[in-house]
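Per this note's numbering, residue 8 is the first one in the sequence shown, and the count goes up by one each step. Yeah, the Cβ is synthetic: ideal placement off N, Cα and C, and Gly gets one too. To keep things clear, I will list the structure first and then write my remarks on it.
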Amino acid sequence: SDWDRWLMMGLIGTVVGTFGFLTHQIIDYIFKIKWEFVETYIQNGNFHMTWIFILGTGLGMIAVSSGLVVLHRSRRRSREQRSRQ
């Protein structure tokens with residue numbers, strides 16, 4: 008019967024959708040916090056700190072996303088090498 012396939016597809020869809028929603032919420036929250044800090048720095052006339060903060064948060068997000076890709080890629084390679092032996 009096909010009910011088990013439909014159940015598995017439904018579970019996968021639910022998990023992927025939940026993960027995507029939570030990722031979106033986390034990124035949205037980070038951006039809100041970032042711009043609250045930036046507004047405070049601009050109101051105080053601290054433009055250098057504003058620039059550093061915006062650059063730092065951008066570089067931090069790039070580092071996290073790139074690190075996840077590299078980590079996933081290296082895990083996959085090591086798993087493939089172990090299966091060949």
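Asp11 carries a helical assignment under DSSP once its states are collapsed to helix, strand and coil. In the three-state reduction of the DSSP assignment, Gly52 falls in the coil class, being assigned neither a helical nor a strand state.
Our two residues, Arg83 and Glu43, have alpha carbons roughly 39 Å apart in a direct line. Taking the Cβ atoms as the reference, Tyr48 lies roughly 7 Å from Phe60, within the contact range of under 8 Å.
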